[in-house]
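Single-structure report; data block below.
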Amino acid sequence: MDRFIGLRGLGSLTLALFVCAPALADRGTEFDGYSATVTMDVPFVLDDTDAMQAREHLFPPVEQLTVVPNVLNLFPQRRGPRFVGQNDLVSDLFGNGYFPGPSQSGLTPGDPNVAVGPAHVVGVINGRLTFHTKAGTVTSNLNPTNFFSGFGISFSLVFDPRCFYDQYSGRFFIMYAALESGANRSYYLVAVSDDSDPNGVWAKWALNSTLNGSTNSNTWGDYPGFGYDQNVIMFTSNQFPFSGSGGYGKIRVCPKQQFLDGSPTITYTDFWSFTNPSGGTAWSLQPGRHLGTSNLPYVVNVSGGNRLNIFAIQNPLGTPTLAKVGKAISSYSQAATAVQKGSSTRIDTLDTRIYDVCVRDNKVLVTHNISGGAGCVVRWYVADASGMPSNFTVSQTGNISDASAYIYYGALQMNQYGTIGTGVTKSSSNEYVSLYYTGRLTSDAPNTMKPLTLKRAATVGYNGEANPCRWGDYIGGAVDPADDTTFWAIGMVPVGTGSWGTEIYSYSLDPTTGPLSGQITLLNYVASPAGFTANLEFRSPGTTTVLHSYPITLDGSGNYSLPNVALGTFDVAVKFSHWLRNLQGSVVIVPAGNTVNLTLVNGDCNDDNSVSLGDLNYILTTFGGTAFMGDLDGSGVVDLADLNLVLTNFGLAGSP
């Protein structure tokens, strides 16, 4: 049942203004702009998927959204979604490594984004959001205007979605921008799941993006970004006046814990009307979605046709400040609209702004569309931000290109092995708009990507609502938290001459196995262990559940070697007769260079993984003979040395 808590008043407010002359230096420049930190109650709702489905049912006909068709005439700078009518749900075949995401809903472009949890996938587009199992089964299919109901606010347009799965907290986050009907107000609409299953309770907030701090700016937020790290949630937007021209970029930073706690009182810091490090108004900023551990939260943009800029948020949980650094990059220019097979309508590749930022352990991964190839390529960068807030370096860069085709809309991700993956869109006069992926291993030549691999081929050209037609304006990607290896992506494909759908797909670039070698030290054994065999167990960490078992044979020095074992994180255990089981916990098996060495304690005559009365009795019974299980030290006879081993280690037990 919905619960609404209205605005109750303004808490603390601080305002600061910093001014300095623009600089062309590559190192950090001082913040020049406005910032304000406020604490206030905001519109807040608790809702659950049962209630949402009761309102909308699980699979209703796709409704005509209550959007004013000519709303964009009020905002000449706006390039966002516009109403194009109603379409049917898209159907598709399962089992091809992809499945249908949310379907065209009456708004275009799609602006698809995806979030992936341990067992579920969330897909969002303009006008529709869906929850899936990883096999593709849809568990919820909802209108975002309905999803964000309950605030007592009537929205004229809910648009430009973003989403992510926060691996630090195990929660899904969804964000849409919104305009309020009959009022000069815009919002960042935020929803947070109560756990790693999206089919549960969601806490939701309507954060007024018209406010700069607590002051009404009379602007509205367009092309929002949505990012996070261990501690904060970040919003970005281009702020346009409700009347007149002009505008500026904006960053809002919020401590994450208040969202995890479901607090209706939100503290945030806004930065606005600041410049790029080399001068000029900072526009089209994108916050990073952080994995691993980074020094600071980062926000990124490009400027001037030859600059990559990183903005670092310092003291994010105190009174945040903004540092900025710019670097020269290879010059770029706006791409041509893309040609597609089966239609004379060209695909709008938008402009050179950044669409997506992924950060992993201070590696900042960025893509944008630029001119190249047949007319459009995806330029990518990897920046090392470990020197921030004072400096960063561009460690790798390249173009995903095809001399005879148009490549557009990518979203780089990095997994635990440092492997980079991205989904892209490709079309040409000989190919319908189709979905591909590529990427690179750490062993690949610098500044290169692997050849493109086709994932979902379209079978029809798209006529669209205009020429060129809107497509994108971005896509999404994610690393699967279940293995921190598999990549996921979402993209748009034509499903009819005048309709499109989205596809959610997974792919992997890493080998599925890697080599393992090591040495097993068998204590108190004087003979050669050559030919000794046992099973090396790969267990689920912290449990006795065996996931994989590999027979090993020792050489005379106790060495073993396995050419192919599963990748991942495991507890590795082994037991030989005479010796107690031992294990090494949380071993990360990567595609190359894996070593596990184990030392085992002697004294287990009866092979029950303990040194006890049974072993003592066995020694006494076979004393003076040559029984293998009694000859603990390999001397060839059961003697006082074996008895002494049992007595010395009496009471010990091996790992479970």
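Number 1109 in our numbering belongs to position 313 of the sequence shown; there are no gaps in the numbering.
Built from N, CA and C at the ideal position, the CB exists for glycine as well.
Query raised in the report: Can you find at least 3 beta carbon pairs, one from the stretch 1260-1267 and one from the stretch 1305-1320, that sit closer than 8 Å?
Result: no
Query raised in the report: What number of angstroms, rounded off, separates the C-alpha of S899 from the C-alpha of N942?
Result: 16 Å
Requested in this report: Starting from the Cα of F1067, find the closest Cα among P1337, A832, T1391, L1448 and give me that residue.
Outcome: A832
Query raised in the report: Does DSSP put I1196 in a helix, in a strand, or in coil?
Result: strand
Requested in this report: Keeping to the same chain, check which residues put their C-beta closer than 7 Å to that of A1002; ignore five residues upstream and five downstream.
Outcome: V838, P839, F947, I949, Y983, L985
Query raised in the report: Pick from S1080, D993, T1282, Y1094: whose alpha carbon is nearest that of Q1035?
Result: S1080
Query raised in the report: According to DSSP, what are the bridge partners of Y1270?
Result: Beta-bridge pairing links Y1270 to no other residue.
Query raised in the report: How big is the Cα-Cα spacing for I1252 and G1287?
Result: Reading off the sequence, residue 1252 comes out as Arg, not Ile. If you take the alpha carbons of R1252 and G1287, they lie about 9 Å apart.
**Report entry** Backbone CA spacing between K1137 and P905 [nearest angstrom]
**Finding:** 19 Å
Query raised in the report: Grouping DSSP H, G and I as helix and E and B as strand, with all else coil, what is D1321?
Result: The sequence as given places Tyr at residue 1321; Asp does not occur at that position. Looking at Y1321 - three-state DSSP - the assignment turns out to be coil, as it is neither helix nor strand.
Query raised in the report: Which class does M1184 belong to by DSSP, given the choice of helix, strand or coil?
Result: coil
Query raised in the report: Which residues in the same chain as L1332 place their Cβ atom closer than 6 Å to its Cβ, once the five residues preceding and following it in sequence are excluded?
Result: Y1346, I1348, V1370
Report task. Note down the Cα distance separating G1206 from T1309, rounded to an integer number of angstroms. Result -> 28 Å
**Report entry** Bridge partners - F1283, DSSP secondary structure assignment
**Finding:** V1275, Y1303
Requested in this report: Compute the Euclidean distance between the alpha carbons of Q1192 and K1159, then round it to the nearest angstrom.
Outcome: 10 Å
Query raised in the report: In the structure shown, what three-state DSSP assignment does A915 receive?
Result: coil
Query - Sequence-distant residues of its chain with Cβ nearer than 7 Å to V1386 (five each side left out) - result: Y1213, G1310, L1363
Query - Residue nearest to R1103 in terms of C-alpha spacing, selected from P1051, S1059, A1179 - result: A1179
Report task. Could you check if L813 is buried or exposed, using at least 16 other CB atoms within 10 Å of its CB as the buried criterion? Result -> Any reading at L813 must be qualified, since the residue scores a pLDDT of 31, below 50, and its modelled position is unreliable; the value itself is stated next. The residue in question, L813, is exposed, as its Cβ has fewer than 16 Cβ neighbours within 10 Å.
Requested in this report: Indicate the three-state DSSP secondary structure (helix, strand or coil) for Q1130 in the structure shown.
Outcome: coil
Query raised in the report: Touch check for the stretch 1108-1119 and the stretch 1061-1076: three-plus C-beta pairs under 8 Å?
Result: yes
Query raised in the report: Is it the case that the Cβ atoms of Y961 and A911 are separated by a distance below 8 Å?
Result: yes
Query raised in the report: In this structure, what does DSSP give as the bridge partners for P1083?
Result: V1095
Query raised in the report: In three-state terms, what does DSSP make of N883?
Result: With a pLDDT of only 34 at N883, under the threshold of 50, the placement of this residue in the model should not be trusted; the figure read from the coordinates follows. In this structure, N883 counts as coil in the three-state DSSP scheme.
Requested in this report: Return the residue from the list N922, P914, S945, G923 that minimises the CA-CA distance to R851.
Outcome: S945
Query raised in the report: What does a CB cutoff of less than 7 Å around N1226 pick up in its chain, not counting 5 residues either side in sequence?
Result: K1137
**Report entry** Start-to-end residues for the beta strand (DSSP E) that takes in F943
**Finding:** Where F943 is concerned, there is no enclosing beta strand (DSSP E), although the alpha helix (DSSP H) it sits in stretches over 940-943.
Query raised in the report: What is the DSSP secondary structure of A1449, reduced to helix, strand or coil?
Result: strand
Query raised in the report: What is the DSSP secondary structure of F1372, counted as helix, strand or coil?
Result: coil
Requested in this report: Out of S1223, A1181, V1162, state which residue places its alpha-carbon closest to the alpha-carbon of C1172.
Outcome: S1223
Query - Sequence-distant residues of the same chain with beta carbon closer than 7 Å to T1282, five excluded per side - result: D1276, S1302, S1304
Query raised in the report: First and last residue of the alpha helix (DSSP H) that includes L1439?
Result: 1436-1444
Report task. Taking only the alpha-carbon atoms, compute the straight-line gap between I1047 and V1342 and give it to the nearest angstrom. Result -> 48 Å
Query - Cβ-based neighbour list, S1127, same chain, cut-off 7 Å, excluding 5 preceding and 5 following - result: G1101, N1102
Report task. Alpha carbon to alpha carbon, how far is T1365 from P1337? Give it in angstroms, no decimals. Result -> 7 Å
Query raised in the report: Taking the alpha-carbon positions, what's the G1017 to P1452 distance?
Result: 58 Å
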